[in-house]
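In full-length UniProt numbering, the protein residues as written are 1 to 775.
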């Protein structure tokens with residue numbers, strides 16, 4: 001699959017008429033080519049004219065909807081107006097992003113039909129509504145990605161456009177079957193050209209969509225209609241992340257009504273990665289998507305700190321469920337001595353036996369801790385009032401006098417509810433708890449850790465110094481504790497107060513109406529009730545779906561994408577399963593790149609507890625990012641630490657050999673500066689990866705899922721020795737480069753990297769291009 005001319009330099013404008021993008025000689029006569037180019041440019045111009053007209057039409061509709069009259073007395077009209085505005089806003093977004101690369105190809109069917117494929121669908125609204133441009137996700141567009149000479153899918157030719165803005169620069173043809181000279185098909189053309197042009201292009205600041213260059217194995221996964229969990233595994237550079245994001249776009253196209261109202265959640269390893277991928281779906285016109293790291297899954301809590309590997313392993317285990325339950329149980333206490341509750345006529349005591357009965361009843365209710373407090377309170381109240389009535393009515397009151405007995409009970413309950421001592425006793429024995437309180441109290445007490453059956457390795461001085469591994473535990477505690485009923489009651493009292501106020505407003509309106517002598521005048525209460533009016537006083541939520549979903553812990557999504565999924569722990573998976581009750585997931589990862597001690601050793605281990613028999617596995621085998629020269633180095637390391645895993649096959653060679661260079665401790669900084677200065681003069685991106693004490697270096701874990709034109713890896717032996725998953729970390733570092741890879745080492749190279757060519761001092765960066773080879 002290697003292209004002999006890739007990396008041999010760019011073509012100048014004079015070459016365009018004779019050569020394809022990657023230097024494929026085109027045998028189509030120049031005059032025929034120019035005529036075709038002119039014809040296709042005219043067709044694209046017409047598509048852009050229609051796009052502009054549609055955009056103007058939708059913009060006018062949007063402005064009209066914003067300016068339209070609103071009947072404040074009709075809640076349905078208001079809701080409908082808001083829905084219309086949001087729908088039109090989404091339509092404008094999709095039309096705006098379509099401007100870039102609107103049409104990227106044409107299919108010529110054996111039947112003679114021509115189909116143009118692009119970013120969105122455009123139809124002839126003035127004729128018979130025939131498609132002028134097929135949305136790339138439409139079933140009829142599938143052949144554009146999967147047709148081959150062996151299986152042409154009913155197609156004769158695939159034409160791929162190469163545009164600059166709205167101008168068609170060139171096109172390349174691939175003819176299926178025997179060429180037809182009369183149609184200008186003089187020679188077949190390799191379909192790798194457009195793909196290689198894309199993968200060889202310098203990297204920018206973010207991931208790009210691949211709608212114009214989706215490959216057959218990627219397309220099969222993107223269009224997969226499995227309703228459960230689809231696992232996509234692939235080595236570095238196989239495009240698994242961008243495939244997963246395009247699958248989201250495809251699902252939103254085919255199942256928009258089901259998915260769009262609840263949105264899609266995309267979970268990734270770190271914020272740099274999320275920033276890198278965040279442009280892909282918007283570039284495809286899809287905005288109902290929430291991007292989060294695991295550290296963001298609890299609203300209001302943004303955490304990036306990580307645990308030591310052993311602690312992360314403990315916290316990520318399902319065994320923590322028992323620890324959390326025990327930590328809550330430990331806060332449900334019995335009094336060491338009776339607690340006195342003074343009332344007007346008698347002093348009552350909460351003893352251990354009474355509290356024990358209340359605790360047992362509350363636990364048997366199976367309610368979350370905070371909700372079960374009502375049961376605990378009810379039992380305590382019952383015992384205290386029964387004993388108080390017996391003492392108050394001693395000698396004259398019996399249970400046969402139920403009315404008097406119950407009247408006294410009501411009075412006593414009212415008195416208890418107002419006693420600070422009673423509330424304090426309840427707070428001591430069955431306190432209202434928050435997830436943060438439970439976990440912080442547990443971490444800062446070795447006694448509580450022992451009581452909960454937890455390992456003392458979890459102890460820390462600052463209980464609230466939250467880490468990424470704490471997030472799933474905090475989320476689990478939300479369900480174990482339940483809501484604070486007192487907060488809900490306060491909210492209800494506030495709502496009642498707002499309704500009472502609104503009722504007063506209505507009474508004033510009615511009073512004014514009574515002064516009017518008009519029997520036909522419609523009264524205010526005929527149009528709107530007090531509760532409806534109270535809602536009008538409440539500030540309307542104008543946030544879009546992504547903002548509302550991200551702020552709501554109880555929000556459930558219709559689909560979830562999990563990237564770098566091999567890093568997620570058992571407890572992480574519990575959080576995500578709660579977020580998606582329908583269990584509709586696209587899971588992306590590479591077990592060979594796992595660095596977390598709590599992460600997946602197999603997909604079945606993580607998924608079978610939730611979706612047994614409902615998950616499918618698909619793999620990607622072609623490396624589109626890492627050139628063969630660099631992948632050969634990484635593959636040697638992979639064979640050492642994961643001999644059962646096959647490295648992905650690179651689609652191209654870049655002609656630049658990776659290099660290594662031995663430096664002294666004093667020379668590291670100068671060598672890094674040399675690399676940075678050299679790459680700054682080039683087009684594209686670069687990065688230095690190494691231990692924390694290397695100036696300007698980032699850790700390998702911070703580069704997961706990212707790609708750069710040039711990478712400098714510093715002290716690979718130290719990365720390898722940094723932890724139990726050091727080999728996986730080094731593998732990640734070596735596979736981030738799309739063009740150039742250099743390695744600086746102070747000690748001898750790990751034997752798996754011994755094949756790297758040693759570069760003389762001072763030639764590490766600037767002479768890289770002199771060692772080009774043609775594959």
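A virtual CB, placed ideally from N, CA and C, is assigned to each residue, including glycine.
Task: Length of the line joining the Cα atoms of residue 374 and residue 282 - done: 48 Å
Task: When 731, 620, 605 and 710 are compared against residue 642, the one with the closest alpha-carbon - done: 731
Open item on the list: So, with DSSP's three-state summary, where would you put residue 757?
Closed with: strand
Task: Unbroken beta strand (DSSP E) run spanning residue 233, endpoints - done: Unbroken beta strand (DSSP E) run through residue 233: 229 to 234.
- [ ] On the DSSP bridge assignment, give the partners of residue 710 in chain order.
- [x] 686 and 740
TODO: Check whether the Cβ atoms of residue 202 and residue 684 lie closer than 9 Å to each other.
DONE: yes
Task: Same chain, Cβ closer than 8 Å to residue 601, five either side skipped, listed in chain order - done: The residues are 591 and 594.
Open item on the list: Less than 9 Å between the beta carbons of residue 268 and residue 569, yes or no?
Closed with: No, the Cβ-Cβ distance between residue 268 and residue 569 is not below 9 Å.
Task: Beta-carbon contacts of residue 522 that lie in its chain and below 7 Å, excluding the five residues immediately before and after - done: Bear in mind that a pLDDT of 38 at residue 522, under 50, signals an unreliable position, so the number given afterwards is only what the model happens to contain. If we look at residue 522 and ignore the five residues flanking it on each side, it has no Cβ neighbours.
Open item on the list: Just to confirm before moving on: does the CB-CB distance between residue 37 and residue 132 stay below 9 Å?
Closed with: no
Open item on the list: Give me the residue from 415, 402, 286 and 607 with the minimum Cα distance to residue 95.
Closed with: Comparing Cα positions, the closest option is 286.
- [ ] Closer than 6 Å by C-beta to residue 48: which residues in its own chain qualify, once you throw out the five before and the five after it? Chain order, please.
- [x] 166
Task: When 701, 348 and 330 are compared against residue 453, the one with the closest alpha-carbon - done: 330
Open item on the list: Spatial neighbours of residue 759 within its chain, please: C-beta separation below 6 Å, excluding the five flanking residues on both sides.
Closed with: 659 and 661
- [ ] Could you pull out every unbroken beta strand (DSSP E) segment of at least 3 residues lying fully inside the stretch 614 to 649, listed in chain order?
- [x] 615 to 620
Task: Test: residue 274 CB closer than 9 Å to a CB of chain D - done: The structure shown has no chain D; it contains just one protein chain.
Open item on the list: According to DSSP, is residue 258 part of a helix, a strand, or is it coil?
Closed with: helix
Task: Spatial distance of residue 160 from residue 173 (CA atoms) - done: 6 Å
Task: Stretch-stretch touch, CB-based, cutoff 8 Å, three pairs: the stretch 571 to 589 with the stretch 473 to 485 - done: yes
Open item on the list: Is the separation between the beta-carbon of residue 566 and that of residue 664 shorter than 9 Å?
Closed with: no
Task: residue 787 - partner residues in DSSP beta bridges - done: Absent from the model: residue 787. The displayed extent of the chain is 1 to 775, so no value can be given.
Task: Exposure label - residue 754; buried when at least 16 CB within 10 Å - done: exposed
Open item on the list: According to DSSP, simplified to helix, strand and coil, what is residue 347?
Closed with: strand
Task: For residue 160, the residue or residues it bridges with in DSSP - done: 105 and 172
Task: Cβ separation of residue 689 and residue 703, assumed to be a contact under 8 Å, to the nearest whole Å - done: 6 Å
Open item on the list: With a threshold of 6 Å on Cβ separation, who are the neighbours of residue 551 within its own chain once the five nearest residues in sequence on each side are excluded?
Closed with: 299.
- [ ] State buried or exposed for residue 354, treating a residue as buried only when at least 16 other CB atoms are found within 10 Å of its CB.
- [x] buried
Open item on the list: Please tell me whether residue 711 and residue 736 are closer than 9 Å, where the distance is taken between their beta carbons.
Closed with: Cβ distance < 9 Å, so residue 711 and residue 736 count as in contact.
Open item on the list: For the structure I just gave you, are there three or more beta carbon pairs, one from the stretch 225 to 232 and one from the stretch 618 to 631, closer than 8 Å?
Closed with: yes
Task: Per-residue burial, residue 240 [other beta carbons within 10 Å of its own, 16 or more giving buried] - done: It counts as buried.
- [ ] Please list the segments of the beta strand (DSSP E) lying wholly inside the stretch 541 to 582, counting only runs of 3 or more residues, in order along the chain.
- [x] 559 to 562
TODO: Identify every residue that forms a DSSP beta bridge with residue 167.
DONE: 164
TODO: Kindly indicate the opening and closing residues of the beta strand (DSSP E) around residue 292.
DONE: 289 to 293
- [ ] In the DSSP assignment, find the alpha helix (DSSP H) that holds residue 46 and state where it starts and stops.
- [x] 30 to 67
TODO: Mark residue 158 as exposed unless 16 or more other C-beta atoms lie within 10 angstroms of its C-beta, in which case mark it buried.
DONE: buried
Task: Same chain only: Cβ atoms within 8 Å of residue 59, ignoring 5 sequence neighbours per side - done: Apart from sequence neighbours up to five positions away, the residues of its chain that approach residue 59 with a beta-carbon distance below 8 Å are 92, ordered along the chain.
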